[in-house]
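Chemist:
Protein chains in written order, with the numbering used here: chain A, 706 to 822; chain B, 6 to 118.
#1: Which residues, in order along the stretch 737 to 762 of chain A, keep a beta-carbon less than 9 Å from a beta-carbon of chain B?
#2: Can we say the stretch 774 to 786 of chain A touches the stretch 724 to 735 of chain A, given the rule of at least three CB pairs closer than 8 Å?
#3: What residues match up with residue 41/B in a beta bridge as DSSP calls it?
#4: Just list the residues that DSSP pairs residue 68/B with in beta bridges.
#5: Using only CA atoms, which one of 26/B, 99/B, 114/B and 56/B lies nearest to residue 88/B?
#6: Quick one: residues in its chain with C-beta nearer than 7 Å to the C-beta of residue 821/A, no 5 flanking neighbours on either side, listed in chain order?
#7: Could you say which of 12/B, 111/B, 69/B and 40/B lies nearest to residue 92/B if we only look at CA atoms?
#8: Kindly say whether residue 104/B, judged by its beta-carbon, lies nearer than 9 Å to any beta-carbon of chain A.
#9: With distances taken between CB atoms, is the gap from residue 73/B to residue 59/B smaller than 9 Å?
#10: Could you list which residues in chain B have their beta carbon closer than 7 Å to that of residue 772/A, in chain order?
#11: Could you give the distance in angstroms between the alpha-carbon of residue 1/B and the alpha-carbon of residue 95/B?
#12: Looking at chain B, is there any beta carbon in it that lies within less than 9 Å of the beta carbon of residue 818/A?
#13: Identify the contact partners of residue 815/A in chain B, using a Cβ-Cβ distance below 8 Å as the criterion.
#14: Of the choices 12/B, 20/B, 27/B and 86/B, whose alpha-carbon is the least far from that of residue 71/B?
#15: From which residue to which residue does the beta strand (DSSP E) around residue 759/A run?
#16: Taking Cβ positions only, does residue 798/A come closer than 9 Å to chain B?
#17: Terminal residues of the continuous beta strand (DSSP E) containing residue 741/A?
#18: If we define contact as Cβ-Cβ less than 9 Å, is residue 812/A a contact residue for chain B?
#19: Is the separation between the beta-carbon of residue 707/A and that of residue 804/A shorter than 9 Å?
#20: Can you list, in chain order, the residues of its chain with a C-beta nearer than 6 Å to that of residue 754/A? Leave out the 5 residues immediately preceding and following it.
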């Protein structure tokens with residue numbers, strides 16, 4: 706079945722540095738990828754939708770200059786948390802929608818736990 | 006807008022007990038409905054889905070029926086196991102808004118041996 710690889714699975718960084726998280730579709734082409742943030746014991750909050758070759762669409766309240774999303778190919782999207790601060794510590798999860806499909810459930814990555822110290 | 010409401014947890018059951026996790030939705034169109042499961046420290050896995058009214062999704066002993074008249078998609082399992090302990094998310098997705106998936110708040114299930 707479809708597999709989405711997310712890397713790294715966890716990262717600890719110093720306040721003020723930037724962190725890049727990768728999301729790759731391994732055996733399918735993903736026209737659309739979604740980035741979510743999950744706080745402890747809470748649901749997933751959609752941060753942005755990225756379409757290959759175009760600018761990401763950010764949800765209300767998400768700072769686009771802080772959370773940079775690039776979707777340069779049909780198999781790779783990246784989320785860069787710029788100038789990270791402790792309040793950015795969270796679990797980030799991506800999901801991918803396969804090209805040519807509609808709404809039949811997307812494949813999720815295994816998530817990245819970011820801790821900013 | 007679209008939304009999903011599911012029962013609050015945590016739900017604690019003994020092994021082999023019957024499980025029901027309620028889920029209701031609000032949608033303007035005809036969404037597809039999903040249940041996802043999240044094990045500790047992991048991402049989400051699609052558990053089951055239903056794409057139209059009266060469809061029943063099933064997987065690993067879990068099942069849920071798409072009820073349009075009651076706008077519900079309750080998750081059930083006849084006999085839970087300790088390994089079913091996880092967080093369960095009800096979700097919907099439709100063709101509007103760029104195929105976004107809207108998640109419920111999640112229900113944590115603990116199964117005791």
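Glycine included, each C-beta is placed from N, C-alpha and C at the ideal position.
Modeler: Reading it off the structure:
#1: 737, 739, 741, 743, 746, 747, 748, 749, 750, 751, 754, 756 and 762
#2: yes
#3: Translated into the one-based positions of the second chain, residue 41/B becomes position 36. Paired residue(s): 51/B and 94/B.
#4: Your numbering for residue 68/B matches position 63 in the second chain. DSSP lists 63/B and 81/B as partners of residue 68/B.
#5: Position 83 of the second chain, counted from the first residue, corresponds to residue 88/B. The shortest Cα separation from residue 88/B among 26/B, 99/B, 114/B and 56/B belongs to 114/B.
#6: In the first chain, residue 821/A corresponds to position 116, counting from 1. The answer, listed in chain order, is 718, 720, 789, 790, 791, 793 and 794.
#7: Counting from 1 along the second chain, the entry for residue 92/B is found at position 87. Cα-wise, what sits closest to residue 92/B is 111/B.
#8: One-based indexing of the second chain puts residue 104/B at position 99. By this cut-off, residue 104/B is an interface position.
#9: Here residue 73/B is taken as the residue at index 68 of the second chain, counted from 1. Here residue 59/B is taken as the residue at index 54 of the second chain, counted from 1. Contact flag set, yes.
#10: Locating residue 772/A in the first chain gives position 67, where the first residue counts as 1. Under a criterion of Cβ atoms nearer than 7 Å, no residue of chain B is adjacent to residue 772/A; the nearest Cβ is some 17 Å distant.
#11: Nothing in the structure corresponds to residue 1/B, since chain B is present only between 6 and 118.
#12: On the first chain, residue 818/A is found 113 positions in, with the first residue counted as 1. At least one CB atom of chain B sits nearer than 9 Å to the CB of residue 818/A.
#13: Position 110 of the first chain, counted from the start, is the residue given in the question as residue 815/A. From the beta-carbon of residue 815/A, the residues of chain B found nearer than 8 Å are 47 and 48.
#14: Counting from 1 along the second chain, the entry for residue 71/B is found at position 66. Answer by Cα proximity: 27/B.
#15: In the first chain, counting from the first residue as 1, residue 759/A sits at position 54. No beta strand (DSSP E) holds residue 759/A; DSSP gives it neither H nor E.
#16: What you label residue 798/A is simply residue 93 of the first chain in a count that begins at 1. Interface residue, yes.
#17: For this step, residue 741/A is matched to residue 36 along the first chain. Residue 741/A -> beta strand (DSSP E) spans 735 to 743.
#18: Translated into positions along the first chain, residue 812/A becomes position 107. With 9 Å as the cut-off, residue 812/A counts as an interface residue toward chain B.
#19: As a position in the first chain, residue 707/A is number 2, starting the count at 1. As a position in the first chain, residue 804/A is number 99, starting the count at 1. Not in contact: residue 707/A and residue 804/A (Cβ atoms no closer than 9 Å).
#20: Numbered from 1 along the first chain, position 49 holds the residue referred to as residue 754/A. These residues qualify, in order along the chain: 739 and 762.
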